[in-house]
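To start, the structure under review is shown below, and the notes come after it.
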Amino acid sequence: MRKTACLAAAILVAALCLWGSVQPSAEGFADWHWNMIRGSRGADVAELQGRLRYVNYYQGAIDGVFGWQTYWAVRRFQRDVGLRVDGIAGPATKAALARRSQGYRPSAAGSPPARDTGVGRFSARDIDLLTRVVYGEARGEPYIGQVAVAAVVLNRLEDSRFPHTIPGVIFQPGAFTAVSDGQIWLTPNSQARRAALDAIRGWDPTGGAIYYFNPATATSRWIWSRPQVKQIGRHIFTR
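At position 2 of the sequence shown (counting the first as 1) the number is 174 in our numbering, and the numbers step up by one without a gap.
Below, the structure is given as structure tokens:
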């Protein structure tokens, strides 16, 4: 009977140790050896987000959902520390992040996101992403051309061929050069935000266009085949 009790106690201690070893903590983060990828969920993802925010790579909600914002934050961190840039939080990425966020505790991840200051059906996050696309794609264009780029994004929302959310449209694979080359993460200026807001409030200089291209650099025969609406600055807008 005594041997049985001792054995049961030993099993319980071992189980508790094993349970504790896989829980997210400031100390154990770098020891997790499974890969966090887009679509992953859970407390470990929340810690990844918290640490990325702690070192100023992530500004989204700490919600435990590995979405596009987390993916791009991981890629930026990997690029800056010299790791393979693949958006996967594997052991090397987690170890590097742990070293650079040694002061991190969940309470130190930053205050909760500020009250949403969206416009109409568009959230603050939507407006931020739209502003970033405008800046990344058209910061050298005249103001009307910047509004036009924002309008194209909004026009796609109403077209059944495209996703029906701002993030969905913007991060659709291959949709925008600024996403592909990372320029979407440049810090936009106030003019880009104003252009995004003007488009949200109804100004569409393109007349309903859903594509645009620069004729000086475009190599796609397909984009040249689209019905052209007008040229604004260096961009031709098409349907």
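Quick reminder that beta carbons are idealized off the backbone N, C-alpha and C, glycines included.
Got a sec: does the ligand COA put a non-hydrogen atom nearer than 7 Å to the Cβ of G236? The ligand COA is absent from the structure shown, which contains no ligands of any kind.
By the 10 Å Cβ neighbour count, where 16 or more other Cβ atoms means buried, how is H336 classified, buried or exposed? One-based indexing of the sequence shown puts residue 336 at position 164. Exposed.
When you compare the segment 249-259 with the segment 365-385, are there three or more beta-carbon pairs, one atom per stretch, that lie closer than 8 Å? Verdict: no, contact absent.
The segment 345-352 touching the segment 398-405, judged by at least three CB pairs closer than 8 Å: Contact between the segment 345-352 and the segment 398-405 is absent: fewer than 3 CB-CB pairs across the two stretches fall below 8 Å.
Other residues of its chain near R272: CB distance less than 6 Å, five sequence neighbours each side excluded: For the purposes of this step, residue 272 is taken as residue 100 along the sequence shown, with counting starting at 1. Same-chain partners within the cutoff: V227.
Which of helix, strand or coil DSSP assigns to S193: On the sequence shown, position 21 is the one that residue 193 refers to. Note that S193 scores a pLDDT of 34, beneath 50, so its modelled location is shaky; the value from the coordinates is reported in the next line. Judged by DSSP in its simplified three-state form, S193 adopts helix.
Rounded Cβ spacing between I382 and R328 (contact assumed at less than 8 Å): For the purposes of this step, residue 382 is taken as residue 210 along the sequence shown, with counting starting at 1. For the purposes of this step, residue 328 is taken as residue 156 along the sequence shown, with counting starting at 1. At roughly 5 Å, the Cβ-Cβ gap stays under 8 Å, so I382 and R328 are in contact.
Does the distance from the CB of T303 to the CB of P360 come in under 8 Å? The sequence position of residue 303 within the sequence shown is 131, counting from 1. The sequence position of residue 360 within the sequence shown is 188, counting from 1. Taking 8 Å as the Cβ cut-off, T303 and P360 qualify as a contacting pair.
Going by alpha carbons, who is nearest to F249 out of G262, Y229, V305, G275? Numbered from its first residue, the sequence shown carries residue 249 at position 77. Measuring from the Cα of F249, the nearest candidate turns out to be Y229.
How should E330 be labelled, buried or exposed, when 16 other C-beta atoms within 10 angstroms of its C-beta is the threshold for buried? Mapped onto the sequence shown, residue 330 falls at position 158. The residue is exposed, with fewer than 16 neighbouring Cβ atoms inside 10 Å.
Going along the chain, which residues of its own chain have a beta-carbon closer than 8 Å to the beta-carbon of T378, five neighbours each way excluded? Sequence index remark: in the sequence shown, residue 378 carries index 206 (1-based). Contacts found: A320, A323, V324, N327, Y384, V401, K402, I404, F409.
Give the straight-line distance between the Cα atoms of I260 and E219, rounded to the nearest whole angstrom. Start at 1 with the first residue of the sequence shown, and residue 260 comes out as number 88. Start at 1 with the first residue of the sequence shown, and residue 219 comes out as number 47. When rounded, the distance between both Cα atoms is 15 Å.
DSSP state of I408 mapped onto helix, strand, coil: Your numbering for residue 408 matches position 236 in the sequence shown. The answer is strand: DSSP assigns I408 an E or B state.
If you compare alpha carbons, which of R251, G214, R223 is closest to F238? The residue given as residue 238 occupies position 66 in the sequence shown. When only C-alpha atoms are compared, the closest one is G214.
Buried versus exposed, by CB contacts within 10 Å (16 or more), Q195: Position 23 of the sequence shown, counting from 1, holds the residue named residue 195. With a pLDDT of 37 at Q195, under the threshold of 50, the predicted position of this residue should be treated as unreliable, and no value is reported.
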